[in-house]
Amino acid sequence: MKLVILDRDGVINHDSVNFIKSPEEWRPIPGSLEAIARLNRAGYRVVVATNQSGIGRGLLDMATLNAIHEKMHRALAAVGGHIDALFFCPHTAEARCACRKPAPGMLLEIAQRYNVSLEGVPAIGDSLRDLEAAARAGAQPLLVLTGKGERTRLAGGLPPRTTVFADLAEAVTSLVSS
Ligand SMILES: [Mg+2]
Ligand SMILES: [Zn+2]
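This is the structure in structure tokens:
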């Protein structure tokens, strides 16, 4: 089974330092939805793993998070794309949970759900914590330079074997042509 794990904010949609708190604030990065559709056509299952501490901070509730994700699923469907499953961590950093990236909890849960090893599975993110979670779970870390990605690259200290792409569209082109 071919699997790709994606971060959400800064990879699929534009990020905001003030959190994405409403469907209106969720705006796709150009080419990202079409890239997910290309992955699907190439036989990949696409799973999202996203930190959403805005829930734990009380900035948005579950109904709003669901509405944001409905908008994402609809926008994706319109271009023939599909997200197989979405895992999110609602906790703040202070909660010290096992799921908030850079902890590998969500990725390990994905491995369990699909009963696969994450060895070689691309995990695409824009923050160091995405790449660290990927490395800790045994997946292949891919950094995109959208969202916080440019800052992440400049800050350095990326896990070994991290590969870097301009955006999700470029990362997907590399995956489906290899
Ligand atoms: Mg992100
Ligand atoms: Zn958590």
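Last residue of the sequence shown? That's 216 in the numbering used here, and every number before it is there in order.
Just so you know, even glycine gets a beta-carbon here, dropped at the ideal spot from N, CA and C.
Take residue i and list the residues in its own chain whose beta-carbon comes closer than 6 Å to its own, dropping the five residues that flank it on each side.
| i | result |
| --- | --- |
| residue 211 | none |
| residue 200 | 169, 179 and 181 |
| residue 171 | 139, 140, 142 and 145 |
| residue 70 | 50 and 206 |
| residue 100 | none |
Within the continuous alpha helix (DSSP H) that includes residue i, where are the two ends?
| i | result |
| --- | --- |
| residue 79 | 70-79 |
| residue 221 | Summary: the structure shown does not reach residue 221, with the chain confined to residues 39 through 216, and so no result is reported for it. |
| residue 146 | 143-152 |
| residue 184 | First-last for residue 184: undefined, no H or E at that position. |
| residue 211 | 206-214 |
Ends of the beta strand (DSSP E) at residue i?
| i | result |
| --- | --- |
| residue 161 | 160-163 |
| residue 109 | That residue, residue 109, is in no beta strand (DSSP E); its alpha helix (DSSP H) goes 100-116. |
| residue 156 | Where residue 156 is concerned, there is no enclosing beta strand (DSSP E), given that its DSSP letter is neither H nor E. |
Report the rounded CA-to-CA distance for residue i versus residue j, giving the unit in angstroms.
| i | j | result |
| --- | --- | --- |
| residue 41 | residue 95 | 31 Å |
| residue 141 | residue 118 | 32 Å |
| residue 50 | residue 202 | 16 Å |
| residue 54 | residue 186 | 10 Å |
| residue 180 | residue 168 | 9 Å |
| residue 116 | residue 74 | 12 Å |
| residue 188 | residue 164 | 8 Å |
| residue 133 | residue 90 | 13 Å |
| residue 175 | residue 112 | 30 Å |
| residue 80 | residue 160 | 14 Å |
Just to check my reading of the structure: residue i and residue j have Cβ atoms closer than 8 Å, yes? What is that Cβ distance to the nearest angstrom?
| i | j | result |
| --- | --- | --- |
| residue 148 | residue 87 | 7 Å |
| residue 61 | residue 106 | 5 Å |
| residue 59 | residue 98 | 5 Å |
Beta-carbon within less than 7 Å of residue i's beta-carbon, same chain only, minus the 5 sequence neighbours each way: which residues are those?
| i | result |
| --- | --- |
| residue 78 | 84, 119 and 120 |
Using a Cβ-Cβ cut-off of 9 Å, state whether residue i counts as contacting chain D.
| i | result |
| --- | --- |
| residue 136 | Considering every chain present, this structure includes no chain D. It has just one protein chain. |
Which residues in the same chain as residue i place their Cβ atom closer than 8 Å to its Cβ, once the five residues preceding and following it in sequence are excluded?
| i | result |
| --- | --- |
| residue 108 | 61 |
Shell residues, 7 Å Cβ cut-off relative to heavy atoms of ligand 1
So the residues near ligand 1 by this Cβ test are 45, 46, 47, 48, 49, 53, 163, 164, 165, 168, 185 and 186.
Would you list the residues whose beta-carbon is nearer than 6 Å to any heavy atom of ligand 2, in the order they occur in the chain?
Result: 127, 129, 135, 137 and 138.
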